[in-house]
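Enquirer: Sharing a structure here in structure tokens format.
Numbering (the working numbering), first residue to last: 3 to 196.
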């Protein structure tokens, strides 16, 4: 589950408290927040008994290191994965990519997994052409775990898994659902079926 940067951290924490037993990672993608805000968000999550081993911080290696969370998600503007790996070997490194070539580079630089998208038309990327299942399938030939993102619904989760993705990342499909817990359970069912 990836946060959308649109809601107060307290509201996000309430949702995360309900859904965390059913998800493998909580990716804090709060680009507009300061390092201090992110640190406080992690503190709040841990006070609510969310395990540090499930938390991934977007971009901010410093916050990920200081809070001892599971890992950091690197974007095109982030530090290079090899630099992070060398200096912070305890952090799991994800790399956000949009093409096979970017995937090759991220793997060479030591990323532990790739976050690829957007696979399908997405509310968060209106008007942008989706990358599609074919490119996702190509990426899986790099022999690094690929997590698919973008327009993923319970109905198309099976197609994503058949294309070779090791998992899915969801933002609006959970956070904007009228019942986030029920939405997560629907995704889990689709993953088990897929």
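Cβ coordinates follow ideal geometry from the N, Cα and C atoms, glycine included. These numbers were taken from a predicted model, which means no experiment stands behind them.
Within 10 Å of its beta-carbon, does residue 54 have 16 or more other beta-carbons around it, so buried, or fewer, so exposed?
Expert: exposed
Enquirer: Quick check: residue 114 and residue 95, are their CB atoms within less than 8 Å of each other?
Expert: With respect to the 8 Å criterion, residue 114 and residue 95 are classified as neighbours on the basis of their beta carbons.
Enquirer: If you draw a straight line from the C-alpha of residue 180 to the C-alpha of residue 142, how long is it?
Expert: 33 Å
Enquirer: Under the assumption that residue 186 contacts residue 152 (Cβ atoms under 8 Å), give the Cβ distance between them as a whole number of angstroms.
Expert: In this structure residue 186 is not in contact with residue 152, their Cβ atoms being roughly 18 Å apart against a cut-off of 8 Å.
Enquirer: I'd like the span of the beta strand (DSSP E) that includes residue 74, first residue to last.
Expert: 73 to 76
Enquirer: Anyone know if the C-beta pair for residue 52 and residue 71 falls short of 8 Å?
Expert: no
Enquirer: Which term fits residue 164, buried or exposed, when burial requires 16 or more other beta carbons within 10 angstroms of its beta carbon?
Expert: exposed
Enquirer: Whole angstroms is fine: what's the gap from residue 117's alpha carbon to residue 61's?
Expert: 13 Å
Enquirer: Looking at residue 127: is its Cβ nearer than 8 Å to the Cβ of residue 147?
Expert: no
Enquirer: Is it true that the CB of residue 65 sits closer than 8 Å to the CB of residue 37?
Expert: yes
Enquirer: What does the alpha-carbon distance come out to for the pair residue 188 and residue 156?
Expert: 6 Å
Enquirer: Could you give the uninterrupted runs of the alpha helix (DSSP H) lying entirely in the segment 19 to 89, keeping only those of 4 residues or more?
Expert: Fully contained in the segment 19 to 89 are the following alpha helix (DSSP H) runs of length 4 or more, in chain order: 37 to 49, 63 to 69, 83 to 89.
Enquirer: For residue 118, write down the residues that DSSP places opposite it in a beta bridge.
Expert: 99, 150
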